[in-house]
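Q: Position 116 of the sequence shown, counted from 1, bears residue number 144 in the working numbering, the numbering being contiguous throughout.
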Amino acid sequence: MVAAGNALVFAVVAVSFLLGAVLAVLPLPHWLLWARPEWVALVLIYWCIALPHRIGIFTALLLGVLVDVLEGAVLGQNAFSLSVLALCSLLVYQRLRVFSLWQQCGVVFLLIGLHQLIGQWVQNLEGAGARSLLFLLPAVSSALLWPVVLHLLRGIRRHYRIS
């Protein structure tokens with residue numbers, strides 16, 4: 029019975045990450061590209077908060093390599109930044125659970141902003157970084173979408189009784 033429960037947890041979490049990866053590469057209009065939310069990072073933050081004993085830095089590392097391949101980024105760029113994101117999420121998950129929704133949005137903005145800053149730093153090292161602060165727009169859009177992601181994934185977690 030425990031093995032079936034672990035398989036269900038793995039399947040639900042894997043499908044949510046896969047859906048986040050699909051949304052991350054979904055074509056958008058040119059004017060909206062700078063504000064594309066960081067879907068994979070949002071899903072990772074949620075699962076690190078909801079299941080800190082199962083989802084962590086190793087999961088973030090694997091997801092980061094997947095995102096690097098999907099986006100054609102320098103191999104390790106997203107792996108490193110998502111690992112830092114997971115570490116920070118795991119460090120504050122107990123506080124984040126009791127914050128109000130808007131306080132959570134603020135923390136998500138900071139976490140995704142850190143993720144974006146690390147990615148920008150790596151891109152600057154290779155000479156392809158942005159020249160303005162527009163690279164932080166995904167942090168804003170991700171923070172604004174956090175309530176939707178939170179309620180959707182919480183509903184799925186409760187429906188399948190994942191703990």
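Backbone N, C-alpha and C fix where the C-beta goes; we use that ideal spot for every residue, glycine too.
Values in this document were obtained by computation on a predicted structure and should not be read as measured data.
With distances taken from CA atoms, which of Leu164, His143, Ala42 is nearest Leu61?
A: Leu164
Q: Looking at C-alpha atoms only, which residue of Gln105, Arg125, Thr87, Leu142 is the closest neighbour of His179?
A: Arg125
Q: Under 6 Å from any heavy atom of the ligand MG, does the C-beta of Leu124 make it?
A: Judged by which ligands are present, the structure shown has none, so any question about the ligand MG falls away.
Q: Near Leu94, which residues of its chain fall below 7 Å by C-beta distance, leaving aside the five closest residues on each side in sequence?
A: Ala49
Q: Here's a check: name, in chain order, each residue in its chain whose Cβ is nearer than 6 Å to the Cβ of Leu181, leaving out the five neighbours to either side.
A: Only residues of its own chain outside the window of five on either side were considered, and among them Tyr74 have a CB closer than 6 Å to the CB of Leu181, listed in chain order.
Q: By the three-class DSSP mapping on this structure, what secondary structure does Ser191 have?
A: coil
Q: Helix or strand or just coil, what does DSSP make of Glu99?
A: helix
Q: With a threshold of 16 other CB atoms inside 10 Å of the CB of Asn34, please say whether the residue is buried or exposed.
A: exposed
Q: Within this structure, are the beta carbons of Val177 and Leu70 separated by less than 7 Å?
A: Cβ atoms of Val177 and Leu70: closer than 7 Å.
Q: Span of the alpha helix (DSSP H) holding Leu153?
A: If you look at Leu153, you'll find it in the alpha helix (DSSP H) that goes 129-153.
Q: If you follow the alpha helix (DSSP H) that Phe108 is in, where does it begin and where does it stop?
A: 105-126
Q: Sort Leu51, Ile85, Arg189 by Cα distance to Leu98 and report the nearest one.
A: Leu51
Q: Give me the residue from Leu129, Ser128, Val102, Ala88 with the minimum Cα distance to Ser117.
A: Ala88
Q: Return the chain-ordered list of same chain residues with a C-beta closer than 6 Å to the C-beta of Gly157, the five sequence neighbours on each side being excluded.
A: Gln148, Gln151
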